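Report on one structure; see the data block that follows.
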Ligand code: FCB
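Residue numbers (this note's numbering): 1 to 479.
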């Protein structure tokens with residue numbers, strides 16, 4: 001494959017644009033458009049993502065302790081159909097099959113998560129060697145297949161034994177101990193760690209909205225305190241990983257920042273979307289990147305603002321080697337003349353969505369996520385730690401032709417390509433998900449995989465989207 005630098009890409013885009021402009025005047029040869037072909041740089045990392053509770057099953061095996069999600073799933077009325085992660089994709093036993101799927105796709109990276117309660121069944125105390133052994137086997141298997149593991153240390157499965165869960169500051173400290181311990185065990189083979197997955201989900205969805213574990217609806221002061229414990233866990237985790245992992249280990253976060261997308265690409269709407277993105281994420285990514293809670297947030301929170309101890313903000317703002325983003329739906333924003341300078345535009349009944357009611361389609365969010373985070377905070381490197389879609393996925397004559405998911409992916413990846421072509425430091429993409437799995441409160445009713453999981457037999461069937469993604473990877477360009 002020809003070596004293609006980002007500068008070449010940018011040049012290619014520029015040339016194509018010029019050709020297009022000339023074409024409008026009636027002179028451009030069509031061939032002038034082909035070189036861009038939405039090709040990615042040679043070192044762009046294509047990958048897939050999963051998470052421990054969503055795929056592993058084996059919840060009582062080899063000393064694993066119960067988690068908040070085990071408790072939540074077994075509480076009647078919490079999860080669709082009363083589904084649980086007890087078996088899920090049975091990846092605890094079938095991880096070899098999963099690695100074979102990854103290898104067949106040709107991905108170079110796999111984003112996986114560690115179940116904290118396999119390592120510390122009670123969240124802290126004595127480690128469980130059998131849990132460590134399991135992840136050693138997975139990591140070794142990936143490396144033997146030529147696949148680079150990207151390890152998330154917390155993807156929502158919190159050891160149930162920790163008193164108070166995220167309501168307690170001690171949970172942030174326990175997390176840091178666990179994160180440092182585990183990074184120390186793996187960093188001879190794992191180069192990249194993500195501290196936590198989606199701050200907003202494990203804090204707000206679990207404690208404000210109540211639709212995720214532990215299913216609470218707490219008042220604002222407590223919610224803000226929980227958010228603070230979440231970002232503190234991240235920051236203390238970064239420090240602990242750096243203290244215990246090999247020198248050179250790369251540390252970042254996987255965050256589902258709320259991305260505000262300008263309704264028009266004009267300077268005033270772009271400025272509005274940027275300001276809105278910074279303010280909407282004041283308690284999460286903005287705090288991590290700026291080392292303080294911005295005035296707008298503190299003013300709005302008033303007496304319900306979080307209680308911050310000396311040194312917390314320094315820990316929270318620990319420098320990161322990369323920022324990884326989970327990108328799904330847009331939040332459209334327009335400029336206005338009010339004091340904030342922006343207005344959020346609600347989704348409408350006619351706004352396009354995929355199978356999950358929350359998953360509005362707006363490919364432009366992919367470009368703006370990368371651009372706005374880059375412009376606001378200048379991270380050294382960016383990854384997309386998740387992007388993907390739920391779809392209906394009927395099996396027809398043994399095939400799953402998910403052209404709707406392919407449409408979604410092609411459009412989003414096209415917008416990521418635009419960001420790469422313009423020189424933003426996006427280095428890789430992890431598709432959510434390798435296979436259908438336990439989709440949290442939706443149980444098994446929503447399928448996000450590019451492989452169809454038959455949960456009765458555990459057979460995995462490649463969908464059309466798997467064939468499509470494989471071809472994208474093989475050619476390193478959008479097909
Ligand atoms: C994200 C979660 C991931 C998965 C996708 C669909 O919010 O991080 O575990 O459920 O949504």
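C-beta: ideal position from N, C-alpha, C; glycine also. Values in this document were obtained by computation on a predicted structure and should not be read as measured data.
- Straight through space, the alpha carbons of residue 42 and residue 366 are spaced by roughly 20 Å.
- A Cβ-Cβ distance of about 6 Å is found for the pair residue 259 and residue 368, placing them in contact under the 8 Å criterion.
- Residue burial is scored here from C-beta neighbours: residue 234 has at least 16 other C-beta atoms within 10 angstroms and is therefore classed as buried.
- In the assembly as shown, residue 350 is an exposed residue. Its beta-carbon has fewer than 16 other beta-carbons within 10 Å.
- For residue 52, the enclosing alpha helix (DSSP H) covers residues 52 to 55.
- In the structure shown, the three-state DSSP call for residue 264 is coil.
- A direct Cα-Cα distance of roughly 34 Å separates residue 291 from residue 409.
- Here the alpha carbons of residue 120 and residue 39 stand approximately 44 Å from one another.
- A direct Cα-Cα distance of roughly 29 Å separates residue 305 from residue 262.
- Between residue 339 and the set 276, 156, 113, the nearest pair of CA atoms involves 276.
- 8 Å or more divides the Cβ of residue 214 from the Cβ of residue 438.
- Inclusion of residue 448 in the 7 Å shell around the ligand FCB follows from its C-beta lying nearer than that to a non-hydrogen atom of the ligand.
- Within the same chain, 361 come within 6 Å of residue 352 by CB-CB distance, once the 5 residues on both sides are set aside.
- In this structure, 465 is the residue among 465, 441, 443 with its C-alpha nearest to the C-alpha of residue 452.
- For residue 51, the Cβ falls inside the 7 Å cut-off from some heavy atom of the ligand FCB.
- Residue 288 is positioned such that its CB atom lies closer than 8 Å to that of residue 317.
- Remark: the C-beta of residue 440 is in contact range of the ligand FCB, defined as less than 7 Å to any heavy atom.
- Here residue 201 carries a helix assignment [DSSP, helix/strand/coil].
- Spanning the alpha carbons of residue 136 and residue 393 requires a straight line of approximately 34 Å.
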